[in-house]
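K.L.:
Numbering (mature numbering (1 follows the signal peptide of the UniProt record, and there is no 0)), first residue to last: -27 to -1, 1 to 243.
The beta carbon of each residue, even a glycine, is placed where N, CA and C say it ideally should be.
The structure that follows is given in the form of structure tokens.
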């Protein structure tokens, strides 16, 4: 009887220990989930439209040569991508889709430029060259004006803060949680638009570059088309503006009527 009681007590003790261990594991798991959720809440774009990029921030290109933001933004609109060269998921998809989308823009390679900046201070020219080679296989013409830059933590932090790129480094898994999207910058270095997501659409990117180009990019027809669209800041997309379309159509109609009127008068005189 005593042995039975002792055995029962031991079983209960072991069960209690197992239960405590299980509860602790659940608590730790819940803490990890909560921590992960808190991290994800920090990952986002905080739009800084109308604000200038700091021109003195210095990075290095894929050749190891220093380059400042001020040297990059002069003269043409820029598509800026905050990325991670060794990213296993979002970044390759975004860069690959950007390369494919750029082929549909019908812009010359000298009308705009693309700049990708690594958010990992441990990456350098070697990783930049590897990404450049991969993108060259997708769109060789675009790569001629596509810069891949890396830098120290201070430079990365300053640029990320300037464009509102809020990301988190997960030290436990040695990776970055970050938003995905494009930042469109005016030729004078002012942030003009944000296009969100990993799949930039050609019409949105084309209109964003036309908008940022201030009439220096695209044809006169493109400028008329641009007037018919309104940019939605929250969605990061361009929507057709009915009133603007009617105004543009009315202008074309009036212009056509004027041309016809003078043509008829000239015909009558002859």
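Go ahead and pull the three-state DSSP assignment for residue 38.
P.N.:
coil
K.L.:
Is there contact between the region 171 to 180 and the region 62 to 80, where contact requires at least three CB pairs shorter than 8 angstroms?
P.N.:
Counting Cβ pairs under 8 angstroms, three or more are found: they touch.
K.L.:
What does the alpha-carbon distance come out to for the pair residue 93 and residue 127?
P.N.:
11 angstroms
K.L.:
So, helix, strand or coil for residue 145, using DSSP?
P.N.:
Taken through DSSP and simplified to helix, strand or coil, residue 145 comes out as coil.
K.L.:
What are the start and end residues of the alpha helix (DSSP H) that includes residue 69?
P.N.:
63 to 75
K.L.:
Determine the contact status of residue 123 and residue 97, defining contact as a CB-CB distance below 8 angstroms.
P.N.:
In this structure, residue 97 lies closer than 8 angstroms to residue 123 by Cβ.
K.L.:
How would you write the range of the alpha helix (DSSP H) that residue 105 sits in, first residue to last?
P.N.:
Where residue 105 is concerned, the enclosing alpha helix (DSSP H) starts and stops at 98 to 109.
K.L.:
Taking residue 20 as part of the alpha helix (DSSP H), name the residues at either end of that continuous run.
P.N.:
Residue 20 -> no alpha helix (DSSP H), and no H or E assigned at all.
K.L.:
Distance check for residue 25 and residue 68, CA to CA, integer angstroms please.
P.N.:
24 angstroms
K.L.:
Count the other CB atoms within 10 Å of the CB of residue 62; is the residue buried (16 or more) or exposed (fewer)?
P.N.:
exposed
K.L.:
In angstroms with no decimal places, state the Cα-to-Cα distance between residue 204 and residue 58.
P.N.:
Reliability of the predicted coordinates at residue 204 is poor, the pLDDT of 47 falling under 50, and the value obtained from them is presented with this limitation in mind. Answer to the nearest angstrom: the Cα atoms are 30 angstroms apart.
K.L.:
Whose C-beta lies closer than 6 angstroms to the C-beta of residue 142 among residues of the same chain, with five residues either side of it excluded?
P.N.:
149
K.L.:
Should residue 49 and residue 86 be called a contact, given that it needs their Cβ atoms to be closer than 8 angstroms?
P.N.:
yes
K.L.:
Return helix, strand or coil for residue 79, following the three-state DSSP convention.
P.N.:
coil
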